[in-house]
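Structure first, commentary second.
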Amino acid sequence: MREIKTSVITEAVARLCQEVNFELGEDVVTALKKAEQVEESSLGKEVLKQLLENARIAKKESLPLCQDCGMAVVFLEIGQDVHIVGGNLYKAVEEGVRRGYTDGYLRKSMVNQPFSARVNTKDNTPPVIHTEILPGDRLKITLLAKGGGAENMSRLVMLKPGEGRQGVIDFVAMAVEEAGGKACPPLIIGVGIGGTVDTVMLLAKKALLRKVGDPNPEPEIAELEKEIFNRVNNLGIGPLGFGGRVTALAVHAKVLPSHIASLPVAVNLQCHSARHKEILI
Numbered sequence: 020m021r022e023i024k025t026s027v028i029t030e031a032v033a034r035l036c037q038e039v040n041f042e043l044g045e046d047v048v049t050a051l052k053k054a055e056q057v058e059e060s061s062l063g064k065e066v067l068k069q070l071l072e073n074a075r076i077a078k079k080e081s082l083p084l085c086q087d088c089g090m091a092v093v094f095l096e097i098g099q100d101v102h103i104v105g106g107n108l109y110k111a112v113e114e115g116v117r118r119g120y121t122d123g124y125l126r127k128s129m130v131n132q133p134f135s136a137r138v139n140t141k142d143n144t145p146p147v148i149h150t151e152i153l154p155g156d157r158l159k160i161t162l163l164a165k166g167g168g169a170e171n172m173s174r175l176v177m178l179k180p181g182e183g184r185q186g187v188i189d190f191v192a193m194a195v196e197e198a199g200g201k202a203c204p205p206l207i208i209g210v211g212i213g214g215t216v217d218t219v220m221l222l223a224k225k226a227l228l229r230k231v232g233d234p235n236p237e238p239e240i241a242e243l244e245k246e247i248f249n250r251v252n253n254l255g256i257g258p259l260g261f262g263g264r265v266t267a268l269a270v271h272a273k274v275l276p277s278h279i280a281s282l283p284v285a286v287n288l289q290c291h292s293a294r295h296k297e298i299l300i
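Right, dumping it as structure tokens:
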């Protein structure tokens with residue numbers, strides 16, 4: 020049994036909160052550079068150029084990539100041979116978010132009583148935490164800073180099984196078209212298929228964590244991703260909705276088995292400021 024102190028977890032989460040907001044992943048930067056080369060619209064090309072310059076300045080000056088520093092979504096993959104000591108695991112993660120956003124002077128966006136008073140919590144807590152138990156004696160922490168604009172464009176549908184593959188493609192394309200420029204494209208499109216109404220939404224969000232441009236290892240799913248990608252980039256929405264060929268940088272799908280009477284499909288859009296990092300303890 021391997022012990023991990025909650026103080027180590029708090030420090031790791033605090034560091035991740037700042038790193039994700041200051042440094043755009045190299046996979047995203049590479050995808051934006053490629054998009055700039057293939058974009059046919061002069062305005063779209065200029066937008067992509069500015070996004071790359073924004074990323075350069077943010078990293079150099081330790082400044083937020085976006086004014087919306089996001090909701091902290093934390094994925095914990097806990098080895099079954101790990102023993103967390105020194106306090107409550109979730110409280111340790113929450114304290115890490117509090118310190119990271121406060122010490123990093125990052126915008127705090129979380130509000131209590133969202134249906135009425137909407138009082139800001141003033142430290143960007145509580146985070147959203149998803150936990151998975153796996154074999155081993157390590158703890159993997161992945162932090163996703165999820166902006167509100169793209170998150171607001173999330174969509175869920177329970178398709179009829181007979182609608183099948185084409186139904187999935189049509190629904191994702193419709194979701195992106197309805198979002199237009201509100202989700203701040205170019206997008207990474209997370210697609211969840213199968214499972215239940217609750218698990219399919221989580222699938223779509225987890226799909227965003229894959230390295231941008233890496234296809235699904237299962238050929239049939241990879242082909243589906245490719246077709247959705249082409250369909251979406253023919254919508255003409257373009258960077259930040261100003262028109263162009265590059266509406267999406269990538270489409271990432273995850274699939275689970277489902278009930279014989281169901282075909283759940285979820286779409287979770289990620290804006291161009293795709294901020295997530297991980298650490299293994």
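Residue numbering for the sequence shown follows this note's numbering, starting at 20 and increasing by one per position.
We put the beta carbon where it would ideally sit given N, CA and C, even for glycine.
1) With distances taken between CB atoms, is the gap from L163 to L228 smaller than 8 Å?
2) Which residues in the same chain have their Cβ closer than 7 Å to the Cβ of E22, if we skip the five residues on either side of it in sequence?
3) Which whole-angstrom value is the C-beta distance of G123 and N40, which I expect to be below 8 Å?
4) Who are the Cβ neighbours of R174 in its own chain at under 6 Å, not counting the five residues just before and after it?
5) Spatial neighbours of N131 within its chain, please: C-beta separation below 7 Å, excluding the five flanking residues on both sides.
6) Beta-carbon within less than 6 Å of R157's beta-carbon, same chain only, minus the 5 sequence neighbours each way: which residues are those?
7) Closer than 8 Å by C-beta to E55: which residues in its own chain qualify, once you throw out the five before and the five after it? Chain order, please.
8) If I'm right that R250 touches A202 with Cβ under 8 Å, what's the distance once you round it to whole angstroms?
9) Taking Cβ to Cβ, would you say L95 is nearer than 8 Å to I160?
10) Do you know how far the Cα of K78 is from the Cα of V231?
11) Near R118, which residues of its chain fall below 6 Å by C-beta distance, leaving aside the five closest residues on each side in sequence?
12) Identify which residue in L35, L82 and I207 has its Cα closest to the Cα of F248.
13) Rounded to whole angstroms, what is the Cα-Cα separation between L51 and V270?
14) Roughly how many angstroms lie between the CA atoms of A272 and E242, to the nearest whole one?
15) Contact defined as beta carbons within less than 8 Å: I believe F261 pairs with L62. What is the distance between those atoms, to the nearest angstrom?
16) Hey, G155 and R294 are a contact pair by Cβ (cut 8 Å); roughly how many whole angstroms apart?
17) State buried or exposed for N171, treating a residue as buried only when at least 16 other CB atoms are found within 10 Å of its CB.
According to the data block:
1) Annotated as proximal: L163 and L228, with beta-carbon spacing under 8 Å.
2) These residues qualify, in order along the chain: H102 and V104.
3) Indeed, because the Cβ distance is near 7 Å, the residues count as touching under 8 Å.
4) Taken in chain order, the residues that qualify are A194 and V286.
5) Only V138 and T140 meet the Cβ criterion.
6) Excluding residues within five positions, the ones whose Cβ falls inside 6 Å are G98 and L299.
7) These residues qualify, in order along the chain: K64, L67, K68 and L71.
8) A202 and R250 do not touch by the CB rule: their CB atoms are close to 16 Å apart, not below 8 Å.
9) It is a contact, given that the beta carbons lie within the stated cut-off.
10) Straight-line Cα distance between these residues: approximately 19 Å.
11) Shown here for R118: same chain residues with a beta carbon closer than 6 Å to its own, the five before and five after excluded, namely A33 in chain order.
12) Considering only alpha carbons, the answer is I207.
13) So the alpha carbons of these two residues sit roughly 14 Å apart.
14) Taking the CA atoms as reference points, A272 sits about 10 Å from E242.
15) Indeed, because the Cβ distance is near 5 Å, the residues count as touching under 8 Å.
16) The Cβ separation is near 27 Å, so there is no contact.
17) With fewer than 16 other Cβ atoms within 10 Å, it is exposed.
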